[in-house]
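Student:
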Amino acid sequence: MNEFPDAPDTARRMILKGAVAGGLAGLGFGSFPFPAYAAADAKEWPADAFKQKSEADVLKALYGKTAEASDKISLDAPEIAENGAVVPIAVTSTLPKVTAIAILVLNNPNVLAAAYKIPEGTEALVSNRLKMAKTSKVVAVVESNGKLYSAAKEVKVTVGGCGG
Amino acid sequence: MSSTIRIKAVASGGTTQVQSLIRHPMDSGFLKDKKGKLIPAHHIEVLQFKHGGKTVFTAFWGPAVSKDPYVKFKFKGGKKGDELKVSWVDNKGASDSLMAKIQ
Numbered sequence: 001m002n003e004f005p006d007a008p009d010t011a012r013r014m015i016l017k018g019a020v021a022g023g024l025a026g027l028g029f030g031s032f033p034f035p036a037y038a039a040a041d042a043k044e045w046p047a048d049a050f051k052q053k054s055e056a057d058v059l060k061a062l063y064g065k066t067a068e069a070s071d072k073i074s075l076d077a078p079e080i081a082e083n084g085a086v087v088p089i090a091v092t093s094t095l096p097k098v099t100a101i102a103i104l105v106l107n108n109p110n111v112l113a114a115a116y117k118i119p120e121g122t123e124a125l126v127s128n129r130l131k132m133a134k135t136s137k138v139v140a141v142v143e144s145n146g147k148l149y150s151a152a153k154e155v156k157v158t159v160g161g162c163g164g
Numbered sequence: 165m166s167s168t169i170r171i172k173a174v175a176s177g178g179t180t181q182v183q184s185l186i187r188h189p190m191d192s193g194f195l196k197d198k199k200g201k202l203i204p205a206h207h208i209e210v211l212q213f214k215h216g217g218k219t220v221f222t223a224f225w226g227p228a229v230s231k232d233p234y235v236k237f238k239f240k241g242g243k244k245g246d247e248l249k250v251s252w253v254d255n256k257g258a259s260d261s262l263m264a265k266i267q
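In order, the protein sequence lines correspond to chains A and R. Just so we're aligned: the first sequence equals residues 1 to 164 in the numbering used here. Just so we're aligned: the second sequence equals residues 165 to 267 in the numbering used here.
And the structure:
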């Protein structure tokens with residue numbers, strides 16, 4: 001007697017599912033024969049950190065620790081941003097073994113704007129464009145050798161970028 | 165169907181500089197439409213770059229990243245002709261990906 005009467009059926013279903021998934025992936029990515037291409041995964045997104053209202057809570061949610069000020073972080077942001085919807089901000093650091101960079105806008109409704117993972121071999125450098133609701137301190141946080149460091153700069157916003 | 169992803173990756177002196185621009189509304193969730201109704205947040209959550217099977221950069225973005233987001237980074241290695249895979253997924257489950265060649 002077959003102890004697992006369902007087994008062949010289940011296996012067939014799994015194969016079918018796989019075929020469907022593969023077929024869909026094939027449609028989406030034309031040139032890829034297998035769905036082996038691991039794409040950006042929303043499960044990795046740190047949802048909790050993006051809900052926090054203070055710098056300390058963001059850092060706790062993201063890294064589970066606090067940051068100390070460092071002059072080895074360069075935070076390049078305008079003194080005055082005429083359009084709060086598009087504020088160019090760049091962060092670089094000369095700290096060793098940098099594994100993460102986060103950018104916080106303290107007066108935004110949710111403080112965390114962007115967090116980056118920096119694998120080995122990637123430079124401690126990121127440049128992006130953020131929205132600012134109003135004049136605020138912008139904080140760059142860098143994880144180096146397992147410790148957190150930060151640098152801050154005040155950016156004046158003449159027209160807010162988060163709503164009317 | 166044109167891709168939402170534009171990318172320029174240039175190898176120079178053993179380092180590759182990547183600049184990418186993505187077409188996305190990045191709605192903050194705080195803006196109202198013409199009828200005064202709140203437009204729900206709609207933003208990219210994860211953006212990933214892979215070179216030779218290795219993830220070289222991952223961005224986690226919230227709704228405070230500007231519309232049609234731009235990002236720049238640099239990684240060691242990479243040479244002209246190498247493939248760079250870019251992919252993103254947003255909070256509504258939409259996604260896009262692109263295979264680009266390093267220049």
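Ideal Cβ placement from N, Cα and C applies to all residues, glycine included.
Out of curiosity, what's the CA-to-CA distance linking Asn107 (chain A) and Ser136 (chain A)?
Tutor: Approximately 5 Å, taken between the alpha carbons.
Student: Based on Cα-Cα distance, which residue from R:Thr219, R:Lys256 and R:Asp232 lies nearest to Val87 (chain A)?
Tutor: Among R:Thr219, R:Lys256 and R:Asp232, the Cα nearest to that of Val87 (chain A) is on R:Asp232.
Student: Look at the alpha carbon of Leu148 (chain A) and the alpha carbon of Leu62 (chain A), and state the distance between them as a whole number of angstroms.
Tutor: Computed Cα separation, rounded: 11 Å.
Student: Applying the criterion that 16 or more other CB atoms from any shown protein chain within 10 Å of the CB defines a buried residue, is Asp254 (chain R) buried or exposed?
Tutor: Buried, by the Cβ-count rule.
Student: If you run the structure through DSSP and keep just helix, strand and coil, what is Val126 (chain A)?
Tutor: Three-state result, Val126 (chain A): strand.
Student: What are the complete alpha helix (DSSP H) segments, minimum 4 residues, inside the segment 81-144 of chain A?
Tutor: Runs found: none.
Student: What is the DSSP secondary structure of Ala205 (chain R), reduced to helix, strand or coil?
Tutor: Coil.
Student: Which one of A:Val98, A:Glu68, A:Tyr116 and A:Thr94 has the shortest CA to CA distance from Ala49 (chain A)?
Tutor: The residue with the shortest Cα to Cα distance from Ala49 (chain A) is A:Tyr116.
Student: Given a threshold of 16 other Cβ atoms within 10 Å of its Cβ, counted over all protein chains shown, does Glu154 (chain A) qualify as buried or as exposed?
Tutor: Exposed.
Student: Got a sec: is the Cβ-Cβ distance from Ser127 (chain A) to anything in chain R below 9 Å?
Tutor: Chain R, which has a Cβ nearer than 9 Å to the Cβ of Ser127 (chain A), makes this yes.
Student: Would you mind telling me which residues of chain R sit closer than 8 Å to Glu44 (chain A), beta carbon to beta carbon, in chain order?
Tutor: Correct list: Val210, Thr222 and Phe224.
Student: By the three-class DSSP mapping on this structure, what secondary structure does Lys256 (chain R) have?
Tutor: Coil at Lys256 (chain R), not helix or strand.
Student: Please classify Leu211 (chain R): does DSSP put it in a helix, a strand, or coil?
Tutor: Of the three classes helix, strand and coil, the one that applies to Leu211 (chain R) here is strand, per DSSP.
Student: Quick one, which of R:Gly178, R:Val182, R:Ser166 and R:Gly177 has its alpha-carbon nearest Tyr234 (chain R)'s?
Tutor: Checking every option, the nearest Cα to that of Tyr234 (chain R) belongs to R:Val182.
Student: In chain order, what residues of the same chain have a beta carbon less than 8 Å from the beta carbon of Ala228 (chain R), not counting five sequence neighbours either side?
Tutor: Contacts found: Ser192.
Student: Give the residues from the segment 84-113 of chain A that approach chain R closer than 7 Å (Cβ to any Cβ), ordered along the chain.
Tutor: Within the segment 84-113 of chain A, the residues whose Cβ lies closer than 7 Å to some Cβ of chain R are Ala85, Val86, Val105, Asn108, Pro109, Asn110, Leu112 and Ala113, listed in chain order.
Student: For Leu195 (chain R), name the three-state secondary structure that DSSP assigns.
Tutor: It is coil, neither helix nor strand.
Student: Comparing C-alpha positions only, which one of A:Ala56, A:Ala38 and A:Gly64 sits nearest to Gly146 (chain A)?
Tutor: With distances taken between Cα atoms, Gly146 (chain A) lies closest to A:Gly64.
Student: Considering only residues of the same chain and omitting the five flanking positions on each side of Leu130 (chain A), which have a CB-CB separation below 6 Å?
Tutor: Same-chain partners within the cutoff: Val87, Ile89 and Ala113.
Student: Do you know offhand how far Thr66 (chain A)'s Cα is from Lys249 (chain R)'s?
Tutor: Rounded to the nearest angstrom, the two C-alpha atoms are 34 Å apart.
Student: Does the Cβ-Cβ distance between Thr92 (chain A) and Val126 (chain A) come in under 9 Å?
Tutor: Cβ distance < 9 Å, so Thr92 (chain A) and Val126 (chain A) count as in contact.
Student: With a threshold of 16 other CB atoms inside 10 Å of the CB of Ala56 (chain A), please say whether the residue is buried or exposed.
Tutor: By the neighbour-count rule (16 or more Cβ atoms within 10 Å), Ala56 (chain A) is not buried but exposed.
Student: What does DSSP give as the partner residue(s) for Asp76 (chain A) in the beta ladder?
Tutor: BP columns for Asp76 (chain A) point to A:Ala90.
Student: In the DSSP assignment, what are the bridge partners of Lys147 (chain A)?
Tutor: Bridge partners of Lys147 (chain A): A:Ser144.
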